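A.B. asks: This structure is in structure tokens; I'll ask about it shortly.
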Amino acid sequence: MKHREITGSLAERNGRYTAILNLYDEDGKRRQKSIALGIPVKGNKRKAQAQLEELKRAYSLGLPQEGKTGQESQLFADFLRDWLEITAPTIERTTYQSYRGLIAARLDPFFRARGLRLRELEPKHIRELHRSIFADGCGANTVIHYHAVVRKALQYAVKNGLVDGNVADQVDRPKKGKYLAGFYTREELAALFEATKDDSISVVIQLAAYYGLRRSEVLGIRWSAIDDEKGTLSINHKVTEGMVDGRHQIYTEDKLKTKSSFRTLPLIPAVRALLDEQRARQEEYRRLFKKSYCTEYLDYVCTDEMGRLFRPNYITDHFKLLLKQHGLRHIRFHDLRHSCASLLLSQGIPMKQIQEWLGHSTFATTADIYSHLDFNSKLESAQAISDAFAAEPESALAL
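When we follow this note's numbering, the leftmost residue of the sequence shown carries the number -11, and every step to the right adds one.
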């Protein structure tokens, strides 16, 4: 097959050059390939351009040689950051933010302090990372999160011929600890509702508790998703946030965690009343603040006094503050979701129905999180074994 001319350009990512090549498959379809060169931008454009031309020649001949791009001498800490930016378009925004935080918090400082280069990485360094995390008092789940980022980055390196193997695969991850979800009882939820009824996030708290909603889901509820005639509420939108150039940015999108997250739920009578109050409140604020009121989010149920969307992290922080102010037992905002599941279980609702209510993708997820709360099934088992021992033994058969 005749090789088409390979074109390319340089891009700047995290202060370093990345080569962007325009390649073609056997059917002549163009695809782009990003290769982090590991060359600092300042004063090195000519050097980066030379490596770009070398890459173009290699790929034109069908002989890609990523090993000669300079990445074999790149610090692993720099490679991690480059990998994340290259991967960003292919992962969820929240996943990107999570990876970015893990790299900045521990992975970058750990590997940079040791001056380890990509090709110098060995299994012992991964084990040392694990030990350092445990030494700081963190649990197995935290180690697993950091290990996963390193492993994914090295998978990319292997796929692109930058290293021969994934050393993270040669290190055993610690066993994942069993997570015991926190939750409020019915009485504690009633006290919470009463204590926060005049707060701006009261509607957020109650909707999350009644429906077991994720933070992003409750903030994404829109008036257009509520059908008063049918008496339904559709969960089909979310509100998230991320950092862009050091500033918080709110994102709205019709993309939830999984397909099962899209669900239509019945309107609970108490929620109908709550929504009527919220709509009246929004209309009053709009009359009061007139032109100062934000009209961009009129379709959203959960907005502040000025009509603006709440930042998800504000909900988390403010909820924590409210509990402290009112002397209520500390739980996370996400534990309202667990509280909902706990109440459903206490009412004898089958685990399968709870899975559908919460929008879990699999039954196993629901059972893994909440099986320890399913005391009713244990009572049934206890009664069954009690009845078995209490039963009269059958008379011996006559010979």
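Here a beta-carbon is modelled for each residue, glycine too, at the ideal position from N, C-alpha and C. Source: prediction; values computed, not measured.
1) Whole angstroms is fine: what's the gap from Gly55's alpha carbon to Gly149's?
2) Could you please give the first and the last residue of the uninterrupted beta strand (DSSP E) stretch that includes Lys340?
3) For the candidate residues Ala38, Ile27, Leu43, Thr353, whose alpha-carbon lies nearest to that of Lys21?
4) When the Cα atoms are used, what is the spatial distance from Ser349 to Leu331?
5) Quick one: give me the first and last residue of the alpha helix (DSSP H) that His306 is part of.
6) Compare the C-beta of Ala268 against all C-beta atoms of chain B and say whether one is closer than 8 Å.
7) Give the straight-line distance between the Cα atoms of Glu110 and Phe99, rounded to the nearest whole angstrom.
8) Is the Cβ-Cβ distance between Arg210 and Tyr288 less than 8 Å?
9) Check for me: the alpha helix (DSSP H) holding Ser334 runs from which residue to which?
10) May I ask you to verify whether the region 269 to 282 touches the region 248 to 261, counting CB pairs closer than 8 Å and requiring at least 3?
11) For Tyr87, which option in Ala101, Pro28, Arg139, Ile121 has the closest C-alpha, if you only look at C-alpha atoms?
12) For Leu309, count neighbouring C-beta atoms within 10 Å of its own C-beta (all shown protein chains included) and say buried if the count is 16 or more, exposed if not.
13) Taking the beta strand (DSSP E) that Thr220 belongs to, which residues open and close that run?
14) With DSSP collapsed to three states, give me the class of Pro52.
15) Please determine, among Lys35, Leu106, Arg81, the residue with the shortest C-alpha to C-alpha distance to Phe67.
16) Can Asn2 and Asp96 be called in contact, C-beta distance under 8 Å?
17) Mapping DSSP to helix, strand and coil, what is Ile319?
18) Given a threshold of 16 other Cβ atoms within 10 Å of its Cβ, counted over all protein chains shown, does Ser(-3) qualify as buried or as exposed?
19) Roughly how far, in whole angstroms, is the beta-carbon of Ile23 from the beta-carbon of Leu9, given that I think they are within contact range, below 8 Å?
20) Have a look at Ala38 and Ile74 and give me their C-alpha separation to the nearest angstrom.
21) Using only the alpha-carbon positions, how far apart do Ala268 and Leu262 sit?
C.D. replies: Result, derived from the coordinates:
1) In the sequence shown, counting from the first residue as 1, residue 55 sits at position 67. In the sequence shown, counting from the first residue as 1, residue 149 sits at position 161. Confidence at Gly55 is low in this model, with a pLDDT of 43, below 50, so the placement of that residue should be treated as unreliable; the coordinate-derived value is given next. Gly55 and Gly149: Cα-Cα distance of roughly 7 Å.
2) The sequence position of residue 340 within the sequence shown is 352, counting from 1. First-last for Lys340: 339 to 346, but that is the alpha helix (DSSP H), not the beta strand (DSSP E).
3) Start at 1 with the first residue of the sequence shown, and residue 21 comes out as number 33. Residue Leu43 is the option with its Cα nearest to Lys21.
4) By 1-based counting over the sequence shown, the position of residue 349 is 361. By 1-based counting over the sequence shown, the position of residue 331 is 343. Those two C-alpha atoms are separated by around 20 Å.
5) For the purposes of this step, residue 306 is taken as the residue at position 318 of the sequence shown. First-last of the alpha helix (DSSP H) with His306: 300 to 313.
6) Absence of chain B from the displayed structure is noted, only one protein chain being present.
7) Residue 110 sits at position 122 when you count from the first residue of the sequence shown. Residue 99 sits at position 111 when you count from the first residue of the sequence shown. One C-alpha to the other measures close to 12 Å.
8) If you number the sequence shown from 1, residue 210 lands on position 222. If you number the sequence shown from 1, residue 288 lands on position 300. Pairing Arg210 with Tyr288 gives a Cβ-Cβ distance under 8 Å.
9) Looking up residue 334 in the sequence shown gives position 346. Note, Ser334: alpha helix (DSSP H), 323 to 334.
10) no
11) Taking the sequence shown and counting its residues from 1, one reaches residue 87 at position 99. The residue with the shortest Cα to Cα distance from Tyr87 is Arg139.
12) Position 321 of the sequence shown, counted from the start, is the residue given in the question as residue 309. Under this definition Leu309 is an exposed residue.
13) As a working note, residue 220 is residue 232 in the sequence shown. Where Thr220 is concerned, the enclosing beta strand (DSSP E) stretches over 220 to 223.
14) Working through the sequence shown from its first residue, we reach residue 52 at position 64. Because the pLDDT at Pro52 is just 48, under 50, the model does not fix this residue reliably, and the value given afterwards should be weighed accordingly. DSSP, reduced to helix, strand and coil, places Pro52 outside both helices and strands of the structure shown, so it counts as coil.
15) Numbered from its first residue, the sequence shown carries residue 67 at position 79. Nearest option by C-alpha distance: Leu106.
16) Indexing the sequence shown from 1 puts residue 2 at position 14. Indexing the sequence shown from 1 puts residue 96 at position 108. Cβ distance not < 8 Å, so Asn2 and Asp96 don't count as in contact.
17) Within the sequence shown, residue 319 is the residue found at index 331, counting from 1. Ile319: coil per DSSP, three-state reduction.
18) Mapped onto the sequence shown, residue -3 falls at position 9. That one is exposed.
19) The residue given as residue 23 occupies position 35 in the sequence shown. The residue given as residue 9 occupies position 21 in the sequence shown. Yes, they are in contact, since the Cβ atoms of Ile23 and Leu9 sit about 7 Å apart, within 8 Å.
20) Looking up residue 38 in the sequence shown gives position 50. Looking up residue 74 in the sequence shown gives position 86. So the two alpha carbons sit approximately 21 Å from each other.
21) Working through the sequence shown from its first residue, we reach residue 268 at position 280. Working through the sequence shown from its first residue, we reach residue 262 at position 274. Straight-line Cα distance between these residues: approximately 10 Å.
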